[in-house]
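Structure record follows, encoded as structure tokens.
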Amino acid sequence: MATTEEGKTVFDVEAANVLSKELRDVFASGKTRSYEWRISQLKSIVKMCDEHEEDIADALRQDLSKPQLESIVYELTMVKNSCTLAIKELKHWMMPEKAKTSLTTFPSSAEIMSEPLGVVLIISAWNYPFLYVHRKVLNFIAFIVHAITTSLISLFLVLSLDPLVAAIAAGNAMVLKPSELAPASSSLLAKLLPKYLDCCSIKVVEGAVSETCALLEQKWDKIFYTGNGRVGRIVMAAAAKYLTPVVLELGGKSPVVVDSDIDIQVATRRIIVGKWGCNNGQACISPDYIITTKDCAEKLVDSLKKELEAFYGKNPLESKDLSRIVNSDHYARLTNLLDEDKVSGKIVYGGERNEANLRIAPTILLGVPQNSLIMKEEIFGPLLPILTVSKIEDSFDIINSGTKPLAAYLFTNNKKLKQQFLMSVSAGGVVINDTALHLTVHSLPFGGVGESGMGSYHGKFSFDAFTHKKAVVYRSFVGDASVRYPPYTRGKLRLMRALITGNVWTILRALLGWS
Amino acid sequence: MEGLEGTLAELRDTFRSGRTRSVAWRKSQLRGMIEFVQDNEERIFQALDQDVGKHPVEAYRDEVGVVAKSAKLSLSCVEKWMAPRKGDLPLVFFPASAQVMPEPFGVVLIMGSWNFPISLTLDPLIAAISAGNAVVLKPSELSPTCSSFLAENIPKYLDPKSIKVIEGGIDVCEQLLQQKWDKIFFTGSQRVGRIVMTAAAQHLTPVTLELGGKSPAIMDSSSNPTNMKVIAKRIVGAKWGSCSGQACIAIDYLLVEERFASDLIDLLAKTIKQFYGENPRESKSYCKIVNKNNFKRLLDLLKDPLVEASVAYGGSVDEEKMYIEPTILLNPPLDSQIMTEEIFGPLLPIITLDDIYESIDFISSRPKPLAIYAFTRDEKFKKQILSRTSSGSVTFNDTLLQFLCDSLPFGGVGQSGFGRYHGKYSFDTFSHEKAILQRGFFPELEPRYPPWNSFKLHFIKLAYAFNYIGLILLLLGLKK
């Protein structure tokens with residue numbers, strides 16, 4: 073561990089090396105593999121969430137001005153639910169799965185055994201400005217890049233702890249690197265986790281770029297990263313050096329297609345709560361933009377205005393039920409999107425801002441050009457552009473012309489449209505007639521595809537994400553077919569053919585010389 | 218490069234048109250694959266003989282037979298595999314439905330290897346087809362006869378608009394890796410695996426890496442003489458009987474207790490003669506080394522004087538015929554190259570231990586291999602091997618069979634790779650599992666929506682905990 077000039081210890085490559093070695097020794101001891109250890113850690117997480125509910129909510133309020141309900145519901149309850157499910161199902165998940173064997177390998181038996189991967193790294197959103205690599209060149213726009221490359225701080229606790237729960241359930245030792253964008257929450261976690269969990273097997277490393285880079289130089293058995301695509305590439309390239317498998321939970325522009333002939337009020341409310349009701353649009357599965365027909369657009373805008381006012385009042389900048397923007401970089405990025413010439417005249421609702429408090433009101437834009445900035449990058453904020461098309465089916469081409477999103481939403485009562493949507497739009501997950509809820513369904517894998525990521529978790533998928541499924545075959549010495557061994561002859565070829573099919577009649581015929 | 222980009226653009230258009238997604242297309246391609254291997258069996262045998270000197274029995278067992286079996290299984294199961302799977306939904310979501318729907322990734326790249334140039338290209342191809350993808354197949358240039366055979370004949374049996382074979386060497390590989398793929402499936406060495414994954418990272422392309430490693434065999438004392446003969450056959454078969462040791466799941470080295478070593482070597486020597494005759498160089502059942510580079514690499518492993526001194530059997534070579542005699546070494550130094558790198562050839566080091574239980578630490582202190590083979594009847598030892606070592610697979614009292622079991626995932630862990638295939642795992646490897654949640658507009662749960670208050674907080678807490686009784690009590694005003 074190096075020391076800075078002020079005498080503070082710095083977490084550098086050497087420190088990361090020592091840490092990783094420590095964890096390897098602990099893992100090698102077998103401690104984390106036992107059922108008892110896993111259950112005790114999971115129960116402790118639940119205890120920690122219960123005993124420090126207020127502290128956690130306070131930290132999230134400090135970092136994000138997150139409304140208490142969102143903190144407690146979306147964050148704490150989701151984490152506790154993951155633990156409860158794991159505690160209930162762990163015995164079953166850990167059991168080897170019997171595998172069928174065929175006549176080809178008779179007599180034999182086989183099973184698939186779940187084992188932990190070993191020592192894993194969980195990174196929950198990380199800031200990697202170009203500054204680090206192209207220091208001289210991009211210094212002056214570093215803060216913009218900084219803003220663009222920062223990402224997921226929305227569901228801070230969930231995104232740090234849910235993967236932790238997964239790794240524990242699978243029996244690994246681990247390092248958690250929480251997001252530095254939520255400093256109060258990050259240091260609270262760094263304080264609480266060692267108190268409640270086995271601090272020899274579960275380490276928390278706080279920090280930003282240099283600490284994460286130091287960690288990425290080490291060899292891990294798995295890396296689980298939540299964040300954006302730019303950094304996802306860096307993580308995967310670092311993992312490639314050690315052939316480390318990765319799960320990348322990234323983002324994208326999650327579209328909402330709104331059809332006609334639907335209950336527009338219900339649809340609007342569900343869109344609002346998915347967009348602004350979850351960290352004010354700063355979430356990976358927030359509806360990013362809407363596509364609807366020209367005929368429906370006006371009605372939709374009116375409904376959105378009405379419901380937004382019902383939820384957040386006439387002065388949403390003052391509403392306690394809306395999170396603020398995480399930091400000034402993001403604030404600058406979002407106001408930049410609004411101030412672009414092509415777009416500034418398209419605001420039909422909202423647009424108010426308060427720089428001192430880092431607040432932007434829920435803002436709706438209608439008819440922005442597809443080549444505007446706001447339609448090119450993931451918004452990750454309280455701005456909602458609405459695009460219009462003549463026929464609703466045209467929306468699919470628009471969606472498919474971009475990269476595959478993490479989520480795609482469709483509001484419709486038309487079965488045929490729904491089928492078409494499911495078949496032609498590829499996304500991590502799809503919800504029909506609602507938004508964001510699939511996040512809470514444990515029987516559904518949660519993850520992206522293409523630019524929105526690879527791998528998935530939640531429920532048993534979490535356990536599987538951190539597990540190696542080892543194939544085991546049991547054989548005896550009885551039944552040794554000489555056909556397997558050299559010297560090879562044409563006769564053996566005939567029998568070999570039959571054996572490989574695994575079909576009893578074919579084998580019999582071959583044995584009797586009838587084929 | 219332009220030709221390649223044009224090819225890729227064509228495949229993207231084809232995929233976008235939805236052509237590869239229909240059941241009919243997938244089944245027709247799978248049938249085409251079966252026809253391909255059946256019609257061309259003799260020519261495939263000849264190509265394999267040309268490239269690696271493989272006998273038709275080995276060629277059928279490891280290549281043609283595998284492909285035919287895989288295609289037939291996929292043909293009979295593909296519709297079932299394609300069907301969306303229902304997911305459980307808690308009552309609180311009612312009415313709603315949850316499903317997982319597999320969908321193809323898109324345009325995928327499959328890079329095959331030279332030791333099983335037919336099965337290690339076509340088996341992944343079958344996987345990609347059954348999952349509905351468009352494919353570029355890049356066979357290994359180190360098996361040129363098979364590569365050009367595939368390039369010439371695949372278009373005659375499979376849809377040339379959706380499946381392309383691209384031949385070439387390192388420069389072509391580099392160009393391919395610069396493109397954006399929706400998935401890359403690579404079989405080969407760890408060194409190239411790193412290059413593939415690094416290239417894939419630039420486009421966030423998911424990869425499956427089927428690599429190798431040093432797959433050990435362990436033999437303890439719990440076998441009687443009759444079984445010993447069978448064990449010896451299985452060891453010889455797994456080392457030299459599969460492409461002369463040039464196979465990812467070949468036994469790399471053997472661990473045995475000191476007191477059994479010399480008897481074992483005698484028995485192995487006897488078995489080798491039984492299989493390959495007095496002069497294996499003349500045996501048609503014995504493969505050659507694939508090329509001069511690998512030949513030289515293997516000879517270099519023996520150059521170390523301490524390694525050379527440990528040769529207990531064999532050791533003769535014939536460069537013209539690319540032949541290396543089945544060779545057994547006894548206790549070469551553990552830090553020599555032959556004991557630190559994957560051998561991938563007909564050299565078998567035997568390492569002796571005082572107690573066979575030491576083999577567990579020996580293996581677990583080294584990179585995780587693709588396979589572990591353990592000849593033992595000691596149940597306690599088996600359990601220890603399973604729980605204290607990690608590998609792609611473990612096979613007790615036999616070798617190589619895990620490859621033939623369609624219900625078992627075939628793949629590595631750690632340095633031996635990640636991802637898996639065979640059977641349904643093949644389909645899954647080339648599919649994205651899309652989560653689908655469907656709801657109606659009715660009923661509406663008011664507590665979902667702002668403005669927030671403590672009632673709503675309480676409600677949602679109970680809902681998340683699936684505490685239905687609590688919810689009812691709350692709604693009836695009976696819960697504080």
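Chains as they are written, first to last, in my numbering: chain A, 73 to 587; chain B, 218 to 697.
Cβ atoms here follow ideal geometry from the backbone N, Cα and C, with glycine treated the same way.
For this session: Quick one: using the 10 Å Cβ neighbour count with 16 as the cut-off for buried, is B:W669 buried or exposed?
Result: Within the second sequence, residue 669 of chain B is the residue found at index 452, counting from 1. Under this definition B:W669 is a buried residue.
For this session: Determine which residues of the region 542 to 565 of chain A have a Cβ less than 7 angstroms from any Cβ of chain B, and write them out in chain order.
Result: Only those residues of the region 542 to 565 of chain A whose C-beta falls short of 7 angstroms from the nearest C-beta of chain B are listed: K542, A543, V544, V545, Y546, R547, S548, F549, D552, R556, Y557, P558, P559, Y560, K564, L565.
Exercise. Near A:N486, which residues of its chain fall below 8 angstroms by C-beta distance, leaving aside the five closest residues on each side in sequence?
Worked result: As a working mapping, residue 486 of chain A is identified with position 414 in the first sequence. Within the same chain, A:N486 has close Cβ partners D331, D333.
Problem set entry | Which listed residue (B:D572, B:A455, B:F627) has its alpha carbon closest to that of B:G640 | Locating residue 640 of chain B in the second sequence gives position 423, where the first residue counts as 1. The shortest Cα separation from B:G640 among B:D572, B:A455, B:F627 belongs to B:F627.
Problem set entry | B:L570 (DSSP reduced to helix, strand or coil) | Position 353 of the second sequence, counted from the first residue, corresponds to residue 570 of chain B. DSSP places B:L570 in strand when its eight states are reduced to three.
Exercise. Which chain A residues are close to B:Y685, counting only those with a beta carbon under 9 angstroms from its beta carbon?
Worked result: Within the second sequence, residue 685 of chain B is the residue found at index 468, counting from 1. Among the residues of chain A, none has a CB under 9 angstroms from the CB of B:Y685; the nearest is roughly 15 angstroms distant.
Exercise. By how many angstroms is the C-alpha of A:R302 removed from the C-alpha of A:A219?
Worked result: Locating residue 219 of chain A in the first sequence gives position 147, where the first residue counts as 1. Locating residue 302 of chain A in the first sequence gives position 230, where the first residue counts as 1. With a pLDDT of only 33 at A:A219, under 50, the local geometry of the prediction cannot be trusted, and the value read off the model is given with reservation. When rounded, the distance between both Cα atoms is 12 angstroms.
Exercise. Hey, A:D360 and A:P139: beta-carbon distance below 8 angstroms or not?
Worked result: As a position in the first sequence, residue 360 of chain A is number 288, starting the count at 1. As a position in the first sequence, residue 139 of chain A is number 67, starting the count at 1. Not a contact, by the Cβ cut-off of 8 angstroms.
For this session: For B:C465, count neighbouring Cβ atoms within 10 angstroms of its own Cβ and tell me buried if that reaches 16, exposed if not.
Result: As a first step, residue 465 of chain B is located in the second sequence; it is residue number 248 there, counting from the start. The residue in question, B:C465, is buried, as its Cβ has 16 or more Cβ neighbours within 10 Å.
Exercise. Going by the CB atoms, is the gap between A:D97 and A:V192 shorter than 8 angstroms?
Worked result: Taking the first sequence and counting its residues from 1, one reaches residue 192 of chain A at position 120. Taking the first sequence and counting its residues from 1, one reaches residue 97 of chain A at position 25. Cβ distance not < 8 angstroms, so A:V192 and A:D97 don't count as in contact.
For this session: Report yes or no: do the region 90 to 106 of chain A and the region 232 to 251 of chain A share at least 3 C-beta pairs separated by less than 8 angstroms?
Result: yes
Exercise. Among A:S112, A:T149, A:D466, which one has its Cα closest to the Cα of A:L489?
Worked result: The sequence position of residue 489 of chain A within the first sequence is 417, counting from 1. Of A:S112, A:T149, A:D466, the residue nearest in Cα terms is A:D466.
Exercise. Does the count of Cβ pairs from the region 258 to 266 of chain B and the region 221 to 228 of chain B closer than 8 angstroms reach three?
Worked result: no
For this session: Look at the alpha carbon of B:L265 and the alpha carbon of B:K450, and state the distance between them as a whole number of angstroms.
Result: To locate residue 265 of chain B, count along the second sequence from 1; it is residue 48. To locate residue 450 of chain B, count along the second sequence from 1; it is residue 233. Near 24 angstroms, if we compare the C-alpha coordinates of B:K450 and B:L265.
For this session: Pull up the distance between the alpha-carbon of A:K208 and that of B:M414, whole angstroms please.
Result: The sequence position of residue 208 of chain A within the first sequence is 136, counting from 1. The sequence position of residue 414 of chain B within the second sequence is 197, counting from 1. The predicted model places A:K208 with a pLDDT of 37, which falls under 50 and marks its position as unreliable; any figure quoted below should be read in that light. For A:K208 and B:M414, the distance between alpha carbons rounds to 29 angstroms.
Problem set entry | For A:L210, the three-state DSSP class (helix, strand or coil) | Taking the first residue of the first sequence as position 1, residue 210 of chain A is located at position 138. Any answer about A:L210 is weak, because its pLDDT of 36 lies below 50 and its placement is not dependable; what the coordinates show is given next. Note: A:L210 maps to helix in three-state DSSP.
Exercise. So is B:A652 in contact with chain A if we call contact Cβ pairs under 8 angstroms?
Worked result: For this step, residue 652 of chain B is matched to residue 435 along the second sequence. B:A652 belongs to the set of residues whose beta carbon lies under 8 angstroms from a beta carbon in chain A.
Exercise. Going along chain A, which residues have a C-beta under 7 angstroms from B:W702?
Worked result: Outside the shown range of chain B, which is 218 to 697, sits residue 702 of chain B, and nothing can be said about it.
Exercise. Which residues, in order along the region 232 to 262 of chain B, keep a beta-carbon less than 9 angstroms from a beta-carbon of chain A?
Worked result: R233, G235, R238
Exercise. Mind pulling the beta strand (DSSP E) runs of 3 or more residues that sit fully within the region 268 to 329 of chain B?
Worked result: 302 to 304, 313 to 321, 324 to 328
For this session: Please state whether DSSP places B:V630 in a helix, a strand or coil.
Result: Here residue 630 of chain B is taken as the residue at index 413 of the second sequence, counted from 1. In the structure shown, B:V630 sits in coil (DSSP, three-state: anything other than H, G, I, E or B).
Problem set entry | Span separating the alpha-carbon of B:E369 from that of B:V284 | As a working note, residue 369 of chain B is residue 152 in the second sequence. As a working note, residue 284 of chain B is residue 67 in the second sequence. Each residue's alpha carbon lies about 18 angstroms from the other.
Exercise. Cβ of B:L306 less than 8 angstroms from any chain A Cβ?
Worked result: By 1-based counting over the second sequence, the position of residue 306 of chain B is 89. Yes, its Cβ sits closer than 8 angstroms to a Cβ of chain A.
Exercise. Would DSSP call A:E252 helix, strand or coil?
Worked result: The residue labelled residue 252 of chain A in the question sits at position 180 within the first sequence. Three-state DSSP puts A:E252 in coil, outside helix and strand.
For this session: Report the neighbours of A:D333 on chain B: residues whose CB is nearer than 8 angstroms to its CB, in chain order.
Result: In the first sequence, the residue the question calls residue 333 of chain A occupies position 261. None at all; the shortest Cβ gap to chain B is about 11 angstroms.
Exercise. On the premise that A:R342 lies in contact with A:I397, defined as a C-beta separation below 8 angstroms, what is that separation, rounded to the nearest angstrom?
Worked result: Residue mapping note: residue 397 of chain A aligns to position 325 of the first sequence, counting from 1. Residue mapping note: residue 342 of chain A aligns to position 270 of the first sequence, counting from 1. A:I397 to A:R342, Cβ: 23 angstroms. No contact.
Problem set entry | Interfacial residues, the region 602 to 616 of chain B to chain A, with Cβ spacing under 8 angstroms | L603, S604, R605, S607, S608, G609, S610, V611, T612, F613, N614, D615
For this session: Please say whether A:G520 and A:H510 have beta carbons closer to each other than 8 angstroms?
Result: Numbered from 1 along the first sequence, position 438 holds the residue referred to as residue 510 of chain A. Numbered from 1 along the first sequence, position 448 holds the residue referred to as residue 520 of chain A. Between A:H510 and A:G520, the C-beta gap is not smaller than 8 angstroms, which leaves the two residues out of contact.
Exercise. Closest to A:H530 by CA distance: which of A:F228, A:A369, A:N153 is it?
Worked result: Position 458 of the first sequence, counted from the start, is the residue given in the question as residue 530 of chain A. It is A:N153 whose Cα lies nearest to the Cα of A:H530.
Exercise. Closest by CA to B:S379, which one among B:I343, B:V630, B:V389?
Worked result: Your numbering for residue 379 of chain B matches position 162 in the second sequence. When each option's Cα is compared against that of B:S379, the closest is B:I343.
Exercise. Using CA coordinates, which residue listed in A:L136, A:V373, A:L409, A:S143 is at the minimum distance from A:E588?
Worked result: Lying outside 73 to 587, the shown extent of chain A, residue 588 of chain A is not represented and no answer is given.
For this session: Could you give the DSSP three-state label for B:Y470: helix, strand or coil?
Result: Here residue 470 of chain B refers to the residue found at position 253 when the second sequence is read from its first residue. Strand at B:Y470.
Exercise. Secondary structure at B:T338, three-state DSSP: helix, strand or coil?
Worked result: Reading the second sequence from its first residue, position 121 is the one you call residue 338 of chain B. DSSP places B:T338 in helix when its eight states are reduced to three.
Exercise. Around the C-beta of B:S347, are 16 or more other C-beta atoms found within 10 angstroms, so that it is buried, or is it exposed?
Worked result: If you number the second sequence from 1, residue 347 of chain B lands on position 130. Result: buried.
For this session: Indicate the three-state DSSP secondary structure (helix, strand or coil) for A:Q290 in the structure shown.
Result: By 1-based counting over the first sequence, the position of residue 290 of chain A is 218. Coil, per DSSP.
Exercise. For B:P301, which residues of its own chain have a beta-carbon under 8 angstroms away from its beta-carbon, when the five flanking residues on both sides are left out?
Worked result: Within the second sequence, the letter at position 84 stands for residue 301 of chain B. Same-chain partners within the cutoff: Q316, V317, M318, P319, I653.
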